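Numbering (our numbering), first residue to last: 59 to 380.
Structure follows, in structure tokens:
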């Protein structure tokens, strides 16, 4: 069994995303991770992050709106530091009472500032109410929250976080820096049955596992079934929203976004960087190519070519990316 540090107080303090240390401009620039241009000469002290329309002197915010709507927000805001589009440089130069940081993607740059200075790091360890099975390896840097249930032969990698009431069945491998939100279930039996001559359903044993690669995020009450004979796999960097169902034997590629209420039937193959909108349904055995997009509520019953946008019931191609 891996090193397991138990504690009852690791999550007692609530997260307060509206409070952060006092930041200088150089601290903010260090977190951006992208090319930028600063407009303004002030030396701000940033204590909070708020939406642009309610921000005040000691806050940082962002604006990614173009045209007149963006210019109007930039002219009215009281925020001390605003991350915005390069297109707005002229507007920004007309205000010498603020600091503007010009970038290509303000939302992305702002999110990096939030992650570095706002996101509360959970103390590693296993909460005292968690139930841990046999032959379990939990990294000393991982966090397992209250009332989690971890089955046998499970691996949880460095920096991963399992929040309250997560259930992980046997034979699940969770990589590094994975976040699993409250109530998610990983490794439950897939829905596999055969009918006998009298028409009664006989269970097909599900003896595979689940592999969750690095940097995956799984939303609350999502369910990922184990494979029947081979592992169900979720590729590196994929983000799965709340209430998503992923059936047995599914193979999801890297950096996919799978949004709430999506239903993915057994043995589906999803390529890299795919986007599956809310409440879409993917039929058994369908393959979806890299960079494909599935529209809201669509029902996919046949393979989707790479770079294709499909919509409707049954889903049909509407746009092909160049």
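Quick reminder that beta carbons are idealized off the backbone N, C-alpha and C, glycines included.
Keep in mind the model is a prediction, meaning the values are calculated, not measured.
Buried versus exposed call for residue i [16 or more other C-beta atoms within 10 Å across all chains shown]
i, result
"residue 186", "exposed"
"residue 181", "exposed"
"residue 307", "buried"
"residue 74", "With a pLDDT of only 45 at residue 74, under the threshold of 50, the placement of this residue in the model should not be trusted; the figure read from the coordinates follows. It counts as exposed."
"residue 150", "buried"
"residue 162", "exposed"
Backbone CA spacing between residue i and residue j [nearest angstrom]
i, j, result
"residue 211", "residue 340", "30 Å"
"residue 120", "residue 82", "17 Å"
"residue 257", "residue 370", "34 Å"
"residue 299", "residue 338", "13 Å"
"residue 228", "residue 145", "52 Å"
"residue 375", "residue 91", "36 Å"
"residue 236", "residue 217", "7 Å"
"residue 177", "residue 107", "12 Å"
"residue 287", "residue 265", "5 Å"
"residue 195", "residue 231", "9 Å"
"residue 359", "residue 342", "8 Å"
"residue 248", "residue 325", "11 Å"
Own chain residues within Cβ distance below 8 Å of residue i, not counting five before or after
i, result
"residue 251", "259, 260, 261, 262"
"residue 80", "103, 104, 105"
"residue 99", "154"
Bridge partners - residue i, DSSP secondary structure assignment
i, result
"residue 95", "160"
"residue 404", "Because the chain in this structure spans residues 59 to 380, residue 404 falls outside the shown range and cannot be described."
"residue 207", "189, 225"
"residue 303", "281, 321"
"residue 275", "237, 297"
Nonlocal neighbours in the same chain, by C-beta distance under 7 Å from residue i, ignoring five residues either side
i, result
"residue 123", "131"
"residue 55", "Since the displayed the chain opens at 59 and closes at 380, residue 55 lies outside it and no answer follows."
"residue 357", "339, 371, 372, 373"
Per-residue DSSP class, three states only, for residue i
i, result
"residue 171", "helix"
"residue 261", "strand"
"residue 315", "strand"
"residue 132", "helix"
"residue 127", "helix"
Chain D contact for residue i (CB, 9 Å cutoff)
i, result
"residue 276", "Given the protein chain composition of this structure (a single chain), no chain D is represented."
Cβ-based neighbour list, residue i, same chain, cut-off 6 Å, excluding 5 preceding and 5 following
i, result
"residue 285", "266, 306, 307"
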